[in-house]
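To convert, take the position in the sequence shown, counting from 1, and add 233; that gives my numbering. Quick notes on the structure that follows.
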Amino acid sequence: MEAIREMDQAGARLILLLSTCVPELIGLDMESICLEMQPEVKSMLIHLPLGNFKCGGYEPGYWKTLLAMGKTIEKSANKGMIVNVLGRSALEEHVPIPRLIAYLKHQGVPLRFLAPDSSLDDFISSGDARLNLVLSPFMDSLAQWMAKEHDIPFVSLHDVYNVLEIESTYSQIGQYLDLEMTHEFAEQKKEGKRVQKAAAAQLKALQYISANLGTVQPLPLSAYLSDLGMSPIMIHMAEFYPSDTRWKEMLTGQDINPIICLMLNEQADMQIIEELRPDLVMGDWGGRSRNNPPSVPVLDLYGHIGYERTIDLLNRMTRALRIGREERANGTV
């Protein structure tokens, strides 16, 4: 409580109290502390219980904290032309800017980027946006909350892989922003259809294991791969996001019900994966350097969206499959 008073006196406008393992295990009542102290400090106090023993990884720390930031957003009766880009920093350089975002900037659409390194003012003022574009599963819950509390529609882009669904999603964005986007992405759509058709012919009836995908949400990807005729044997999931419910229902509705696991030991996991004998392994695992079964790198696809991501992903999959078959045919495996 004294630390909260010191931060308040130093001018903190918002204090997030993140309870990790020790406070959660000993039962420290942080919520009551916030309720008791809020009347005596100017800082906004927000408590988040994040004991790591309650989850499989760090993901809840991200999406629950970003959702909590929604409490700072001020109501705005007037919606302007600004589009909130949820899940990308304005200063981000390690992930190339998606072509869709570059196009919107070129068209003069004012963009506000909301990510963990955005300013508090960006979050506070984000209630005046016309549309939210969601580039990360970490931002799904915040987008849904803003739609309910601030009447801001959102379009999710991080979980759309099928070329026809990408076309429909872009068309939806165009309608919200009064932009004609068909011509701008016609060549990408044409290439995406060609690559997807060719890949489907090679990948149909193959079995795969979805290993460590990093921050790429596994169930939407599995739903797309099922569209191509592939079947998952096992899926590693560090976190079940609230938005995963609809993807689970979609998969089980198609009688797709693979093993769901948490991979934590590369050597033990590698033995299990090899015994299951998949045709492909999506993502990172202990046998990433081998070609039997071949591996498809996925970790770096976080932050990528649209036609370019689907084309890149499918090319990686067919390339890995081809190399694996060539090596087996040459007797090197």
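Every residue gets a Cβ at the ideal spot worked out from N, C-alpha and C, and that includes glycine. Just so it is clear, the structure is predicted and the values come from calculations on it, not from any experiment.
Reduced DSSP secondary structure (H/G/I, E/B, other) of residue i
{"i": "Tyr441", "result": "strand"}
{"i": "Leu446", "result": "coil"}
{"i": "Met277", "result": "strand"}
{"i": "Arg521", "result": "coil"}
{"i": "Asn365", "result": "strand"}
{"i": "Ala528", "result": "The amino acid occupying residue 528 in the given sequence is Ser; Ala does not appear at that position. Reduced to three states, the DSSP call for Ser528 is strand."}
{"i": "Asn285", "result": "helix"}
{"i": "Asn317", "result": "strand"}
{"i": "Val393", "result": "coil"}
{"i": "Tyr336", "result": "helix"}
{"i": "Leu546", "result": "helix"}
{"i": "Leu261", "result": "coil"}
{"i": "Pro256", "result": "helix"}
{"i": "Tyr535", "result": "coil"}
{"i": "Arg510", "result": "coil"}
{"i": "Pro331", "result": "coil"}
{"i": "Gly341", "result": "coil"}
{"i": "Asp502", "result": "helix"}
{"i": "Ile489", "result": "coil"}
Residue span of the beta strand (DSSP E) that contains residue i, given as start and end
{"i": "Ile492", "result": "Ile492 to Cys494"}
{"i": "Pro465", "result": "Ser464 to His469"}
{"i": "Ser359", "result": "Run containing Ser359: none; DSSP gives neither H nor E here."}
{"i": "Ile248", "result": "Leu247 to Ser252"}
{"i": "Leu497", "result": "From DSSP, Leu497 is part of no beta strand (DSSP E); its letter is neither H nor E."}
{"i": "Val388", "result": "Phe387 to Ser389"}
{"i": "Val514", "result": "Leu513 to Met515"}
{"i": "Arg345", "result": "Leu344 to Leu347"}
Closest Cα partner of residue i within the set the options
{"i": "Leu215", "options": "Gly447, Lys426, Glu472 and Ile492", "result": "As displayed, the chain neither begins before 234 nor continues past 566, which places residue 215 out of reach and without an answer."}
{"i": "Ala501", "options": "Thr485, Thr448 and Gly519", "result": "Gly519"}
{"i": "Tyr457", "options": "Tyr474, Met470, Phe473 and Ala432", "result": "Ala432"}
{"i": "Pro526", "options": "Pro349, Met550 and Leu364", "result": "Met550"}
{"i": "Ser351", "options": "Gly320, Val274 and Glu239", "result": "Gly320"}
{"i": "Ser476", "options": "Gly516, Trp378 and Ala434", "result": "Trp378"}
{"i": "Ser443", "options": "Gly516, Asn490 and Leu283", "result": "Gly516"}
{"i": "Phe286", "options": "Val274, Val531, Asp533 and Ile259", "result": "Ile259"}
{"i": "Ser326", "options": "Leu547, Lys423 and His537", "result": "Residue identity check: residue 326 is Glu in the sequence provided, not Ser. Ranking Leu547, Lys423 and His537 by Cα distance to Glu326 puts His537 first."}
{"i": "Pro256", "options": "Ile237, Leu281 and Glu239", "result": "Leu281"}
{"i": "Ala380", "options": "Leu397, Ser359 and Ile399", "result": "Ser359"}
{"i": "Asp533", "options": "Arg523, Ile399 and Leu546", "result": "Leu546"}
{"i": "Thr253", "options": "Val274, Tyr291 and Ile506", "result": "Tyr291"}
{"i": "Gln408", "options": "Met314, Ala236 and Leu251", "result": "Met314"}
Cβ shell of residue i (< 7 Å), same chain only, five flanking positions each side left out
{"i": "Phe356", "result": "Met302, Thr305, Ile306 and Leu347"}
{"i": "Ala553", "result": "Leu513, Pro527, Ser528 and Val529"}
Cutoff 6 Å; reference residue i; Cβ partners in own chain excluding five residues on either side
{"i": "Ala323", "result": "Phe346"}
{"i": "Ile493", "result": "Ile468 and Met470"}
{"i": "Thr543", "result": "Tyr394 and Gly425"}
{"i": "Gln271", "result": "Leu278"}
{"i": "Val531", "result": "Leu446, Val449, Met515 and Gly516"}
{"i": "Ser369", "result": "Gly320 and His391"}
{"i": "Ile385", "result": "Ala362, Asn365 and Met379"}
{"i": "Leu495", "result": "Gly289"}
The alpha helix (DSSP H) enclosing residue i, as first and last residue numbers
{"i": "Arg321", "result": "From DSSP, Arg321 is part of no alpha helix (DSSP H); its letter is neither H nor E."}
{"i": "Leu458", "result": "Pro451 to Asp460"}
{"i": "Gln377", "result": "Asp373 to His383"}
{"i": "Thr402", "result": "Val396 to Leu410"}
{"i": "Met240", "result": "Glu235 to Gln242"}
{"i": "Gln271", "result": "No alpha helix (DSSP H) contains Gln271, which DSSP labels as neither H nor E."}
{"i": "Glu307", "result": "Here Glu307 belongs to no alpha helix (DSSP H), and DSSP marks it neither H nor E."}
{"i": "Met483", "result": "Asp477 to Gly486"}
{"i": "Lys426", "result": "Ala419 to Leu436"}
{"i": "Glu292", "result": "Glu292 to Ala301"}
Status (buried if at least 16 other CB within 10 Å, exposed otherwise) for residue i
{"i": "Asn445", "result": "buried"}
{"i": "Pro453", "result": "buried"}
{"i": "Met372", "result": "buried"}
{"i": "Val367", "result": "buried"}
{"i": "Ile330", "result": "exposed"}
{"i": "Ser401", "result": "exposed"}
{"i": "Leu337", "result": "buried"}
{"i": "Ile556", "result": "exposed"}
{"i": "Pro343", "result": "exposed"}
{"i": "Ser455", "result": "buried"}
{"i": "Glu273", "result": "exposed"}
{"i": "Ser389", "result": "buried"}
beta-carbon residue i near the ligand FAD non-hydrogen atom, thresh 6 Å
{"i": "Gly244", "result": "What this structure holds is no ligand at all, so the ligand FAD is not there to describe."}
Close-in-space but distant-in-sequence residues of the same chain around residue i (CB under 8 Å, 5 per side omitted)
{"i": "Leu300", "result": "Ser374, Leu375 and Trp378"}
{"i": "Cys267", "result": "Leu250, Leu278, Ile279 and His280"}
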